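2 protein chains.
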Amino acid sequence: MTGETERREAAEQLALTLVGAGMQRMGARALAAFLFSDKDSLTAGDLADELGVSAGSVSGAIKMIVQMGLIERIYVAGSRREHFRMRDNAWTTLYSRQHSVVDDVLSAVERGVDAVESGPAHDRLVDMRDFYTFLLSEAPALVERFERLRAEQRRGESRP
Amino acid sequence: MTGETERREAAEQLALTLVGAGMQRMGARALAAFLFSDKDSLTAGDLADELGVSAGSVSGAIKMIVQMGLIERIYVAGSRREHFRMRDNAWTTLYSRQHSVVDDVLSAVERGVDAVESGPAHDRLVDMRDFYTFLLSEAPALVERFERLRAEQRRGESRP
DNA sequence: GCGAACGTTCAGAAATTTCTGAAGACTGGA
DNA sequence: TCCAGTCTTCAGAAATTTCTGAACGTTCGC
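Those protein sequence lines, which keep their order, are chains A and B. The first sequence begins at 1 in our numbering and counts up one residue at a time. The second sequence begins at 1001 in our numbering and counts up one residue at a time.
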């Protein structure tokens, strides 16, 4: 709908929001660059130019969002450089991985449940454990439902 | 099951895990103190003693976890101090509030969808929007399901 | 092998966050 | 009104995180 300036601004705006949501600054900016790029893939050098930061920063940012499962390396014939692009199922992947953080919390809560005699504190810890256990148990079905829904939408679009 | 030392250790362990999950240090320690306490309520002074930190730090930590919806102020007859305790539905509340962060992200994504001509970037942004919109739409039903489940469990326990 | 193009690592600089302690504000009792 | 107890605020100190730039690998073409 608009020009390059608006695109950049929207990208930076999204990056800022992600930082507000707890993401690291450079990782968020790099992610936004991937989201908003019409190229098939970006290299570390592309990112450094686009974001105006050092190669070192880019290296760290890429490492982070690769390990979050949001981008992946792809091999481009005839290019020696490392190309990256967003993964197809980036968001459902991210959602699932975030639950491993919940797993860690749950382990710590479990330890608390064991360490505390029955009483108010014990009950509170059990409540916390029960809720997050429930969340974990429901997550896969949620993702599955989303994917089914999306598949249906796609079918619907292709025969209009 | 054990003594005061184990309880403290389990509390500090949980606090550390929460920090790893992105929570602020002092807020996490205060929250753990509430979780692991058998008292009906804690005052700012109690917390400062328990955690061994300044009144200023405690003030900030309490403000934070109140605003997260995890603890609430209660009025204790005959005491001039401010008493706090964990809220009954702390975890479902937290889960729901976290989604207002998602709301912010969605707004930024929406802006991106508008700012970008159709093409790969546009498609990517639409994908992202669709997933998080789906998550938001499913959250209330998820919480409701949990509460129904818990209510059933409680009924089961009371007539054994 | 050699050299050039890229990427990574890491020590230190810069920026940011977090904590403290002192000063101040509020509350209820005398 | 004054006072004592309690909590909040805020400037600056301390700790932590983040970024840079230079040195070091790696890889590929020649």
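Yeah, the Cβ is synthetic: ideal placement off N, Cα and C, and Gly gets one too. Note that this is a predicted model, so its numbers are computed, not measured.
Item: Would you grab the beta carbon distance between valine 102 of chain A and threonine 1017 of chain B for me? Rounded to a whole angstrom, and I think it's under 8 angstroms.; Value: At roughly 10 angstroms, the Cβ-Cβ gap does not stay under 8 angstroms, so valine 102 of chain A and threonine 1017 of chain B are not in contact.
Item: How far does the beta strand (DSSP E) with glutamate 72 of chain A in it extend, from its first residue to its last?; Value: 71-74
Item: With DSSP as the reference, please indicate the residues paired to arginine 85 of chain A in a beta bridge.; Value: A/Glu72
Item: Does the count of Cβ pairs from the stretch 1069-1082 of chain B and the stretch 1041-1052 of chain B closer than 8 angstroms reach three?; Value: yes
Item: Which runs of the alpha helix (DSSP H) fall wholly inside the stretch 1-68 of chain A and span at least 4 residues, in chain order?; Value: 4-20, 25-36, 44-51, 55-67
Item: Establish whether the CB of phenylalanine 1036 of chain B and some CB of chain A are separated by less than 8 angstroms.; Value: yes
Item: Strictly under 8 angstroms for the Cβ-Cβ distance: is glutamate 1072 of chain B near chain A by that measure?; Value: no
Item: To the nearest angstrom, report how far apart histidine 122 of chain A and phenylalanine 1036 of chain B are at their CA atoms.; Value: 7 angstroms
Item: Going along the chain, which residues of its own chain have a beta-carbon closer than 6 angstroms to the beta-carbon of alanine 1015 of chain B, five neighbours each way excluded?; Value: Ala1028, Arg1029, Ala1032
Item: Grouping DSSP H, G and I as helix and E and B as strand, with all else coil, what is glycine 1078 of chain B?; Value: coil
Item: By Cβ distance, which residues of its chain are closer than 6 angstroms to alanine 11 of chain A, with the 5 residues on each side in sequence left out?; Value: Ala32, Phe36
Item: Give the residues of chain A in contact with leucine 1125 of chain B, contact being defined as C-beta atoms less than 7 angstroms apart.; Value: Leu35
Item: Going along the chain, which residues of its own chain have a beta-carbon closer than 7 angstroms to the beta-carbon of glutamine 24 of chain A, five neighbours each way excluded?; Value: Met64
Item: In terms of residues, what are the limits of the alpha helix (DSSP H) holding valine 1116 of chain B?; Value: That residue, valine 1116 of chain B, is in no alpha helix (DSSP H); it is neither H nor E in DSSP.
Item: Among A/Gly69, A/Thr92, A/Ala108, A/Met68, which has the Cα closest to the Cα of valine 1019 of chain B?; Value: A/Ala108
Item: If you check the beta carbons only, do proline 1120 of chain B and aspartate 38 of chain A fall under 8 angstroms apart?; Value: yes
Item: So valine 119 of chain A contacts chain B; which residues on that side make the cut at Cβ distance below 9 angstroms?; Value: It should be pointed out that residue 119 of chain A corresponds to glycine in this sequence rather than to valine. Going along chain B in sequence order, the residues near glycine 119 of chain A (Cβ under 9 angstroms) are Asp1038.
Item: Expressed to the nearest angstrom, what Euclidean distance is found between the alpha-carbon atoms of glutamate 6 of chain A and phenylalanine 1131 of chain B?; Value: 24 angstroms
Item: Count the other CB atoms within 10 Å of the CB of isoleucine 1074 of chain B; is the residue buried (16 or more) or exposed (fewer)?; Value: exposed
Item: Take leucine 70 of chain A as the anchor and find which of A/Trp91, A/Gly56, A/Ala55 has the nearest alpha-carbon.; Value: A/Trp91
Item: Rounded to whole angstroms, what's the CA-CA distance from methionine 118 of chain A to phenylalanine 34 of chain A? Just pull it up for me.; Value: Per the sequence presented here, residue 118 of chain A reads as serine, with methionine not at that position. Roughly 51 angstroms between the two C-alpha positions.
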